[in-house]
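Using this note's numbering, count along the sequence shown one by one with no gaps and you end on 948.
Note that the Cβ used here is the ideal one computed from N, Cα and C, for glycine as well.
Because the structure is a prediction, the values reported are computed rather than measured.
Working notes for the structure below.
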Amino acid sequence: MSDCEVIIIDDEPEQSSSCQIIEVVERHISHRTKSFTSGAAVVVETPKTSDGESSQNKIRPKSGFCKDGMADRFDDVGESIIGNDKVLENGIMQSMPTHERMDHLLKNVFGHARFRTEEQRQAIENAISKKSDTYISFPTGAGKSLCYQLPSLCHDGGVTIVFSPLIALITDQVNALNEKNIPACAWNSSISSEERSAICKDLFSSHPKNRLVYTTPESANTEFFKKIVASLIAYGKLNYFVVDEAHCVSQWGNSFRNDYLLLGNLRRLGADIRWITLTATANENVQADIIKLLRMNRFEMYRTSSFRSNLFYQVIMEEALGKDMTIHKDMLNFLNKIFSYFRKKENREDLLISGIIYCRSRNECEETAAFLQSNKVSAASYHAGMKQKDKDEVQRQFMDNKVIICATIAFGMGIDHSQIRFVIHTASPDDLASYYQESGRAGRDQKRSYCRLYFSNKIKSKATWFKNMNNGKIEKSKGSKAQKEVKQEALNHAFNKMIEYCETAQCRHVMLCRYFGDKSITECDKNCDFCRNPKNVKESVSKFESNHFVGTDPISSSGSLIGNKRTHDEAVVGDSNDFGKIPKNCDSVEDVSRNVLIGQGQKPKEADSINSQFEKRIKLTPVKILVEKEEDSNDPEFKYLLNAGVMKFGRYNLGSRERSRNMIETAVKSFYLKKMEGIEVSSKIEHDVFEKAETAVDYRSLIGTKLRELRTLTKKPF
231 MSDCEVIIID DEPEQSSSCQ IIEVVERHIS HRTKSFTSGA AVVVETPKTS DGESSQNKIR
291 PKSGFCKDGM ADRFDDVGES IIGNDKVLEN GIMQSMPTHE RMDHLLKNVF GHARFRTEEQ
351 RQAIENAISK KSDTYISFPT GAGKSLCYQL PSLCHDGGVT IVFSPLIALI TDQVNALNEK
411 NIPACAWNSS ISSEERSAIC KDLFSSHPKN RLVYTTPESA NTEFFKKIVA SLIAYGKLNY
471 FVVDEAHCVS QWGNSFRNDY LLLGNLRRLG ADIRWITLTA TANENVQADI IKLLRMNRFE
531 MYRTSSFRSN LFYQVIMEEA LGKDMTIHKD MLNFLNKIFS YFRKKENRED LLISGIIYCR
591 SRNECEETAA FLQSNKVSAA SYHAGMKQKD KDEVQRQFMD NKVIICATIA FGMGIDHSQI
651 RFVIHTASPD DLASYYQESG RAGRDQKRSY CRLYFSNKIK SKATWFKNMN NGKIEKSKGS
711 KAQKEVKQEA LNHAFNKMIE YCETAQCRHV MLCRYFGDKS ITECDKNCDF CRNPKNVKES
771 VSKFESNHFV GTDPISSSGS LIGNKRTHDE AVVGDSNDFG KIPKNCDSVE DVSRNVLIGQ
831 GQKPKEADSI NSQFEKRIKL TPVKILVEKE EDSNDPEFKY LLNAGVMKFG RYNLGSRERS
891 RNMIETAVKS FYLKKMEGIE VSSKIEHDVF EKAETAVDYR SLIGTKLREL RTLTKKPF
């Protein structure tokens, strides 16, 4: 390799907003290094110096971009990490047979007395042999990380590159390894220029000290990172490519990421490098995609059952809670029972219990935490809107079992906390795979833990609204019609399975296992609400079904756990480009209930047929269909709308625009002495939203958000 200066030119977004570009400028190069590919292998030619010796590899940080001596200090840090742990000295281990090396690392580095399962041991053994790729599908908490971390240390030096979806997850993994004195680093947009330069120097050297490099797929798809990979391969120092959360590769998966699709291209750089893929949530479709898209032509598969007998699963229907009972109140009763049970079991009144309550929004996180605090339960909210130092403090208290955490779904990935005793969802997640993964964070120590999910008609209507909105986004996204159809089919399938799980009186564990293709169990031995008391579950489902048309707004983030029920007599019918009519007893776009969704995308006659069937099934008053009449932009009714003659979303929808403007006017009227001032402001706000929105769904969502903001402002004292 040539001498070069690594200069960070700019931090512009690349393919993902969470990643940054690094431009590498090679200047003052006395010897040019050429890289080229031959077949699937990468060959690096290093020219000779004047005395016939190969030029020494060196990357110098550019003065002004890096703290003085940072790169040099990295050597000392690396040496100290290796030196602090005699177990990792290659001379000791390389003389051992493979199984002895495995046991040696397992006990002395990772601190485990034995492998968790035989499948885990076999997967690690296959990875170490490097005879083929290794596909691993273990449930959450089954020890997937060990399946690549241990093999990474089993060889005579070398680096393992780990692709992981979240920077927060990467940070947690790297910190955990460093605490074990295992040299590991992160390569992503969050690291400093000094760290980046030091890592570059290490990875471009002939003997890298970092054993594991964690990065996001977005970062990995930069040209500079590919140079790092090529250098490692050229020196024979790349041991493995690891794809964590491999289901992100598949459009059938619950967390599809476009940049995961490009990872398979790295095969061209090193055809002989072995891959290790890991997932907890891959059904048959996702599994097939992982194998195909990552080009795993030769691999061994290791799977364990998705059944976790220590977890007790239950679904609580809000309609079955009884008079004057809300989700919040029921949750509080449940928590008090858990506290009492475990404290009595351990004979410790001061025992601290750890748990996670997943909420659908930031506001809900804060509301739930505040409710619990007001009832003498130590709880804290955790979401993206908080300052990092506050999030770190909450996480620290959570790890010490001092608080119950009320969080959005991003929390928990990579959190190494084995004693979580319960996971509560205040609403159904978007898909069953996500629910399995999130609920599976409970009971990783194999002790009894509880997974409770709250469901209702209003929760279902909100979830359906978001699902339809996501379908609309897919329709407007780039890509071929076939690609969009695959994405929409995957989205709808996953959503329907989640709803089926909530609404069906059947063993919860069986439904979860069947979703992932695991047919090894037929019942769970009373480890779920249905198998414990099937009569109660059937009655609960019956109460849910008898209240199909009772609910609250599907969009509002507040009040969903407290009650505030509404009954809507009218439904809105229209295609995906229709604003829709607001029922007469709803006072805002936010108050459109589940009825919005009946017959969506259907013609009036088809919708009438659907509503007729619903009438027969649940014996309610027939749902009225509101058909949009022809609208005239010159009608005085719309005189306050700006650009009323502009057609958008395939039609005018002036009535919907005027209703939105009128609601905004109502929300801001307290700020203005003169009515006309409020009208002018509301007209401008509505027009700004109309211009910004790309679809009718976007418009409704943005109007709802704007109304919440304005109403919050009017509540604040001045």
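Here's the rule: buried if 16 or more other CB atoms are within 10 angstroms of the residue's CB, otherwise exposed. What is residue i?
i, result
"H329", "exposed"
"T752", "exposed"
"M699", "buried"
"A501", "exposed"
"E514", "exposed"
"N356", "buried"
"R426", "buried"
"N469", "buried"
"R351", "buried"
"N726", "exposed"
"E597", "buried"
Going along the chain, which residues of its own chain have a beta-carbon closer than 8 Å to the beta-carbon of residue i, five neighbours each way excluded?
i, result
"I354", "M332, F345, L376, C377, L380 and P381"
"V919", "S890, Y929, L932, I933 and K936"
"T942", "none"
"N631", "L582, I583, S584 and Q649"
"E939", "none"
"A406", "D646"
"L433", "V389, N440, V443, I458, S461 and L462"
State the DSSP-derived secondary structure class of residue i, mapped to helix, strand or coil.
i, result
"T942", "helix"
"Y470", "strand"
"A353", "helix"
"V898", "helix"
"K765", "helix"
"L937", "helix"
"V389", "strand"
"T328", "helix"
"Q245", "Any reading at Q245 is ruled out, since the residue's pLDDT is 36, under 50, leaving its predicted position unreliable."
"F760", "helix"
"A610", "strand"
"Q544", "strand"
"S584", "strand"
"H655", "strand"
"Y929", "helix"
"V404", "helix"
Which one of the options has the shortest CA to CA distance from residue i?
i, options, result
"N722", "V473, S707, Q676 and D660", "D660"
"S648", "N700, F455, I391 and G673", "G673"
"R678", "V633, F601 and L541", "L541"
"T347", "Y465, F564 and R533", "R533"
"P413", "T446, R441 and R744", "R441"
"Q667", "E448, S359 and T370", "T370"
"F641", "C589, F725, N488 and Y444", "C589"
"S591", "I520, N687, K692 and N563", "K692"
"K456", "L499, A428, C681 and L491", "L499"
"K869", "E349, K914 and K706", "K914"
"N687", "N469, R651, E775 and I645", "E775"
"D386", "Q713, K431, W417 and M326", "M326"
"E409", "F340, N418, L399 and V459", "F340"
"K703", "Q718, M877 and I689", "Q718"
"A372", "S436, S604 and G670", "G670"
"S539", "F529, A897, Y680 and E453", "Y680"
"E910", "E924, E888, A923 and K922", "E888"
"F564", "A398, C415, F652 and R744", "F652"
Short of 6 Å in beta carbon distance, which residues of its chain neighbour residue i, apart from the five on each side in sequence? Order them along the chain.
i, result
"Y684", "I546, I557 and T656"
"T509", "S367, A476 and H477"
"D748", "S535 and S536"
"P395", "E475 and C478"
"S788", "In this predicted model, S788 has a pLDDT of only 34, less than 50, meaning its place in the structure is not dependable enough to derive any value."
"G908", "E895, V898, K899 and Y902"
"Y665", "P659"
"I400", "S394, A416 and Y444"
By Cβ distance, which residues of its chain are closer than 7 Å to residue i, with the 5 residues on each side in sequence left out?
i, result
"K606", "none"
"R487", "P395, P447 and C478"
"K467", "G387, G388, V389 and P438"
Original post:
Taking contact to mean at least 3 C-beta pairs separated by less than 8 Å, is the stretch 533 to 551 in contact with the stretch 770 to 778?
Top reply: yes
Subject >> Touch test, the stretch 747 to 762 against the stretch 730 to 739, Cβ-Cβ under 8 Å, three pairs minimum >> reply: Enough Cβ pairs lie closer than 8 Å, so yes.
Original post:
Are there three or more Cβ pairs, one per stretch, closer than 8 Å when the stretch 500 to 507 is compared with the stretch 522 to 529?
Top reply: yes
**OP:** Spell out a yes or no on whether the stretch 624 to 644 and the stretch 583 to 593 are touching, meaning 3 or more CB-CB pairs, one atom from each, closer than 8 Å.
**Re:** yes
Original post:
Should the stretch 597 to 611 be regarded as contacting the stretch 661 to 672, the criterion being three or more beta carbon pairs within less than 8 Å?
Top reply: Result no; under three Cβ-Cβ pairs closer than 8 Å.
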